[in-house]
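Worksheet: the structure to be examined is printed underneath.
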Amino acid sequence: MSIVSRGFHGRREPAAADLPPGQYLTRDFPVLQAGPTPRVDLDTWQFTISNEAGAKYTWSWRELLALPSEKTTTDIHCVTRWSKLGTTWQGVSLDTLFADVETAADHALVHSYGGYTTNLPLEDLLDGKAWIAYRFEGEDLTPDHGGPARLLVPHLYFWKSAKWVTRIDLLNDDEPGFWEQLGYHNYGDPWREQRYTDD
Amino acid sequence: MTETVVRRRTPWLAATVHSVRSETAVARTIVLDVPGWPGHVAGQHADVKLTAPDGYSAQRSYSLAAPADGERIELTVQLVEDGEVSPYLVDELLPTDQLEVRGPIGGWFTWHATEPGPVLLVAGGSGIVPLMAMVRERARAGSTAPFALVYSTRGPADAFYADELAAADIATTMVYTRTATDTRPAGRITAADLPDAAGARVYVCGPTGFVETVSDLLLAHGHDAANIRTERFGPSGG
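Quick mapping for you: the protein sequence lines, in order, are chains A and B.
Going by my numbering, the first residue of the first sequence is number 1, and it counts up by one from there.
Going by my numbering, the first residue of the second sequence is number 1001, and it counts up by one from there.
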């Protein structure tokens, strides 16, 4: 039984019913990151998938933009408790990028320009669940929100949607990423409120 | 040898308000007694949960403002206009009231008193709170790590912990965005406000635009991105 705080009634956003437990609605787009914003030159930008045998599949910025893109409208949930509903993104489905990748690995470790990493099961990147996104609300993705391109995996807490993404390593064994080594949950399902290790 | 790591889910703990004190017209420090609090590192934060009589609850994260004093912790909370939780914490909460806390949270934006420094702290507005925990931890531990603090607020009346900072044995530079002083015109932080602090670990905390500006200034000055740790907040619905 929770402790009741005297005189607290709360605001009770009408949309709260659509929110995962412990989240609140924001209409802003807060920025959270551990260090300075990397500025990535599109002429040298690369995205690479590296399989468990070390084979590399690489796209330049021009090649990425030449792939079929999808628009998706989705809710996003940050572990710091804000949720934003109905955000619209454009990017390339990971299914498209993985079409020719040979792998039997179960795990992915995502790397960003600037050194950030995050891990997730490979199956969470496939079957229409994840994108390399480069447009947000109809505009090019700005550097503070992860531009030129970020991973978008909206069914997990948003730290899994790595900004400034540049590489996905496929691994036979799970390897925790940056926040996952610092006390945050290894999987991060907002609907099961998996915020911190062992939640 | 097999090492057995025993970890438990970080629990929600009942907290009782020991005391409150105003920091500015719109911010106050809440001192909580939390039986079972496991201790924390300077720079970490805590989750706060408020529950209404019908079971509705709301949660937010707040930075811990001071090292733990046994099972007693301090949060400093600034009012967010139209917020749901901060108006209650800043304007309504009284000693002996109860709420729940969980933590500590966060393992990156932290400073341990065993680290020799130098350290540069750069705060914008209520971003001072986790940095103040580092200043206080340094004093508590008797550390002689060289510390410098640059603290930007609108004016003198908006600064938290002013007397304590003035008395602390660290180099503090105040930057007022709306108030001119004898030595500085009013205005946003510039390169001239930042000390050289070559090789320092730098902690920057404040609103997104402030952190972005300061990070760019630091990189332009030659600081290594790997030595710059940032924490940003809002504007969000706090």
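C-beta atoms are modelled at their ideal positions from N, C-alpha and C, and glycine is treated no differently.
Quantities reported herein were computed from a predicted structural model and do not represent experimental measurements.
Please report how far the alpha carbon of residue i lies from the alpha carbon of residue j, in whole angstroms.
i	j	result
Tyr-157/A	Ala-1167/B	42 Å
Thr-1208/B	Arg-11/A	26 Å
Met-1134/B	Val-101/A	47 Å
Glu-1212/B	Tyr-57/A	33 Å
Gly-91/A	Glu-1231/B	28 Å
Asp-112/A	His-77/A	The identity of residue 112/A in the sequence shown is Ser, whereas the question assumes Asp. Using only the alpha carbons, I get a separation of about 20 Å.
Ser-69/A	Ser-93/A	7 Å
Leu-97/A	Ala-1046/B	40 Å
Lys-160/A	Arg-1009/B	21 Å
Gly-259/A	Asn-172/A	Because residue 259/A is not part of the residues shown, which for chain A are 1 to 199, the question remains open.
Ala-1191/B	Leu-1131/B	20 Å
Gly-146/A	Thr-1096/B	44 Å
Trp-1111/B	Val-1041/B	7 Å
Trp-179/A	Trp-1108/B	8 Å
Asp-75/A	Thr-87/A	6 Å
Asp-1054/B	Thr-142/A	42 Å
Thr-37/A	Gly-1124/B	17 Å
Ala-1197/B	Gly-1043/B	20 Å
Leu-1064/B	Tyr-116/A	25 Å
Ala-1052/B	Val-1129/B	27 Å
Using a beta-carbon distance below 8 Å, is residue i in contact with chain C?
i	result
Thr-44/A	Given the protein chain composition of this structure (A and B), no chain C is represented.
Look up residue i in the DSSP assignment and say whether it is helix, strand or coil.
i	result
Thr-1213/B	helix
His-1223/B	coil
Met-1001/B	With a pLDDT of 40 at Met-1001/B, under the threshold of 50, the modelled position of that residue is not reliable, and the figure given next carries that caveat. Reduced to three states, the DSSP call for Met-1001/B is coil.
Asp-1193/B	helix
Ala-1133/B	helix
Thr-118/A	strand
Glu-1081/B	coil
Ala-1171/B	strand
Glu-1023/B	strand
Pro-1235/B	For Pro-1235/B, the predicted model reports a pLDDT of 40, less than 50, meaning its position is unreliable; a value from the coordinates is still stated below. Correct three-state label for Pro-1235/B: coil.
Trp-1037/B	coil
Leu-182/A	coil
Tyr-1161/B	coil
Val-1006/B	With a pLDDT of 48 at Val-1006/B, under the threshold of 50, the modelled position of this residue cannot be trusted; read the value that follows with caution. Coil.
Tyr-57/A	strand
Gly-218/A	Residue numbering for chain A in the displayed model covers 1 to 199; residue 218/A lies beyond these limits and cannot be assessed.
Ser-50/A	strand
Val-1204/B	strand
Val-1090/B	helix
Leu-125/A	helix
Phe-1147/B	strand
Give the DSSP bridge partners of residue i, in chain order.
i	result
Trp-131/A	Ser-93/A, Leu-152/A
Ser-83/A	Leu-25/A, His-77/A
Phe-136/A	Trp-89/A, Glu-139/A
Thr-1153/B	Tyr-1176/B
Gly-1106/B	Gly-1106/B pairs with nothing; no bridge assigned.
Ser-1061/B	Asp-1047/B
Ala-1015/B	Leu-1099/B
His-111/A	Thr-117/A, Arg-167/A
Arg-195/A	Answer is none; Arg-195/A lacks a bridge partner.
Trp-1111/B	Ala-1042/B
Contact check, residue i vs residue j under 8 Å by CB: the rounded distance?
i	j	result
Glu-1100/B	Ala-1014/B	6 Å
Val-1150/B	Val-1122/B	5 Å
Leu-85/A	Asp-18/A	7 Å
Gln-33/A	Lys-163/A	7 Å
Arg-1140/B	Tyr-1176/B	Their Cβ separation, rounded to whole angstroms, is 29 Å, which puts Arg-1140/B and Tyr-1176/B out of contact at 8 Å.
Is any heavy atom of the ligand NAP found at a distance shorter than 7 Å from the C-beta of residue i?
i	result
Val-1041/B	No copy of the ligand NAP appears in this structure; indeed no ligand is present at all.
Practice item. Pull out every residue of the region 1194-1219 of chain B whose Cβ sits closer than 7 Å to any Cβ of chain A, in chain order. Key: Thr-1208, Glu-1212, Ser-1215, Leu-1219
Check your understanding: Quick one, which residues of the region 80-113 of chain A are near chain B if we go by CB-CB under 8 Å, in chain order?
Key -> Thr-80, Arg-81, Trp-82
Point to revise | Positions along the region 1073-1096 of chain B whose CB lies within less than 7 Å of some CB in chain A | key: Glu-1084, Tyr-1088, Glu-1092
Check your understanding: Along the region 1099-1133 of chain B, what residues have a CB closer than 8 Å to any CB found in chain A?
Key -> So the list reads Leu-1099, Glu-1100, Ile-1105, Gly-1106, Gly-1107, Trp-1108, Phe-1109, given in the order they occur along the chain.
**Study point:** Contact set between the region 1015-1048 of chain B and chain A, restricted to residues whose Cβ is under 7 Å from the partner
**Key:** Listed by position along the chain: nothing, the set is empty.
**Study point:** Residues within the region 147-172 of chain A neighbouring chain B, beta-carbon criterion of under 8 Å
**Key:** none
Exercise for review: Can you give me, in chain order, the residues of the region 175-193 of chain A that have a beta carbon less than 9 Å from any beta carbon in chain B?
Suggested key: Phe-178, Trp-179, Gln-181, Leu-182, Gly-183, Tyr-184
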